[in-house]
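Heads up, the thing below is written out as structure tokens.
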Amino acid sequence: MKTLIIGAKGMLGQELAKAFTEFNPTVWDVSDIDITDQSQVNEKMSMLAPELIINAAAYTNVDACEENEELATKVNGTAVGYLARVASNLGATLVHYSTDYVFDGTQQEGYTELDTPHPINAYGRSKLAGEQDILSLRGSEQYPANDRSNLNDENRPFGDDKVASLASTPPRNDRWYIIRTAWLYGHAGKNFVETMLSMAQAGEPLKVVDDQIGSPTYAPDLAQATFDLVKSGKPAGIYHRTNSETISWYGFAKEIFEVYGKDVDLVPCATMEYPRPAKRPTFSTLVSTKLPSLRSWQEALREYASFHH
Ligand SMILES: NC(=O)c1ccc[n+]([C@@H]2O[C@H](COP(=O)([O-])OP(=O)(O)OC[C@H]3O[C@@H](n4cnc5c(N)ncnc54)[C@H](OP(=O)(O)O)[C@@H]3O)[C@@H](O)[C@H]2O)c1
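Read in order, the letters of the sequence shown correspond to residues 986 to 1294 in our numbering.
As structure tokens, this is what we get:
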């Protein structure tokens, strides 16, 4: 399948290039294409005519989004509309990534693909705009209501054979996947694991917030899960893909030091003690009702550490 990966120098983009080697993908980053430039997007993508477009490009600095919401909305929102339109015209499958931060984090039991987004920061709003652009191109501008009796064909729980067969032959230009993920770390770029390890070197007590709960997700696992989803021919729709099980940032840090055998004076603290420009959701676990869970974040962390000791 002729495949294009955009945002290829990013943390996830680099893993996607590896996971999709079988497809010999074309990899583009911001120096090859600025996704906020519609004429460039139209021209370059039409020339290449990919059958599969994977967009890992994004404005991902959550705190900086507060000051630069206009730019964030251009990259994470408007530009996604440009990509969705071109994908549709080319009859290509579009894979796009979104975030747990489209939710407000008040739901302790986490969020399924059916839950209605309600972002509490600029990054979440900009990512939601991107989701909406893809959804609106399909003629469905509404998110499914939280009423679970109202499940439509792409939002039914995993295991519904009737729905799977109904949706197994969608029109080609109806092939799109929005994959929501969370708390990503990987081999490329800065990440929480490396930040913790380098902060610990100072030998000072380390305070980490203990009242934000989510699922740390290993970028290579997400890239592989993307490959599996594309190959599965599953119906178009929103999918949740994170490593399984949940933890706070403090709990994640504790496990990191355990795995790396570091004796660190780690102190749990409340978000209030560590104010940042962007508000974060308290509970942002993404529940997957359409696909089986990925391996646990603890197992994935051990694999990461085996490469970075
Ligand atoms: N990181 C997380 O914790 C997390 C959590 C949930 C969801 N996600 C989502 O997962 C996806 C991948 O995230 P990531 O962490 O891999 O991102 P990343 O490392 O920040 O990579 C994003 C890439 O997009 C490029 N880019 C920025 N603006 C662009 C533009 N206008 N045109 C073309 N390329 C542009 C960036 O280039 P420059 O670096 O040169 O700007 C960078 O190479 C994103 O959709 C993100 O929203 C991430």
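No residue lacks a Cβ here, since even glycine has one placed at the ideal position from N, Cα and C.
Asked                                                                                                              : Found
beta-carbon L1122 near ligand 1 non-hydrogen atom, thresh 6 Å                                                      : no
Run of the alpha helix (DSSP H) containing P1205, from where it starts to where it stops                           : A1204 to S1217
heavy atom of ligand 1 below 6 Å from V1015 C-beta                                                                 : yes
Alpha carbon of K1216 to alpha carbon of W1013, nearest angstrom                                                   : 22 Å
Nonlocal neighbours in the same chain, by C-beta distance under 6 Å from K1192, ignoring five residues either side : V1252 and C1254
G1090 vs P1262 beta-carbon contact at 7 Å                                                                          : no
Neighbour-count burial assignment, H1225, 16 or more Cβ in a 10 Å radius                                           : buried
Status (buried if at least 16 other CB within 10 Å, exposed otherwise) for R1110                                   : buried
Length of the line joining the Cα atoms of T1180 and N1074                                                         : 43 Å
M996 CB to nearest heavy atom of ligand 1 below 6 Å                                                                : yes
Span of the alpha helix (DSSP H), counted from its first residue to its last, around V1244                         : W1234 to V1244
The beta strand (DSSP E) enclosing V1087, as first and last residue numbers                                        : No beta strand (DSSP E) holds V1087; DSSP gives it neither H nor E.
Proximity test, D1019 beta-carbon vs ligand 1 heavy atom, cut-off 6 Å                                              : yes
With 16 other Cβ atoms within 10 Å as the buried cut-off, status of E1028                                          : exposed
Burial state of D1206 (16 or more Cβ within 10 Å)                                                                  : buried
Start and end residues, alpha helix (DSSP H) containing T1006                                                      : Per DSSP, T1006 belongs to no alpha helix (DSSP H) and is neither H nor E.
Own chain residues within Cβ distance below 6 Å of A1208, not counting five before or after                        : E1000, L1001 and A1004
Distance cut-off 6 Å: Y1082 Cβ against heavy atoms of ligand 1                                                     : yes
Pairwise C-alpha distance: P1260 and A1069                                                                         : 36 Å
Which of helix, strand or coil DSSP assigns to N1040                                                               : strand
Complete runs of the alpha helix (DSSP H) confined to the region 1167–1204 [at least 4 residues]                   : 1177–1185
Beta bridge counterpart(s) of P1253 as assigned by DSSP                                                            : V1193
The region 1228–1246 contacting the region 1025–1043, beta-carbon criterion three pairs below 8 Å                  : no
Closest Cα partner of D1118 within the set T1166, A1064 and T1078                                                  : A1064
Under 7 Å between C-beta atoms of T1021 and V1047                                                                  : no
Distance CB(F1237)-CB(P1201) smaller than 7 Å                                                                      : yes
Integer Cβ distance of V1249 from A1185, believed to fall under 8 Å                                                : 5 Å
Pairwise C-alpha distance: L1276 and E1098                                                                         : 11 Å
Residues bridged to R1165 (per DSSP)                                                                               : S1083 and H1225
Beta-carbon proximity check, S1269 vs D1085, cutoff 7 Å                                                            : yes
Proximity to A1167 [Cα-Cα], best of V1087, L1120 and P1035                                                         : V1087
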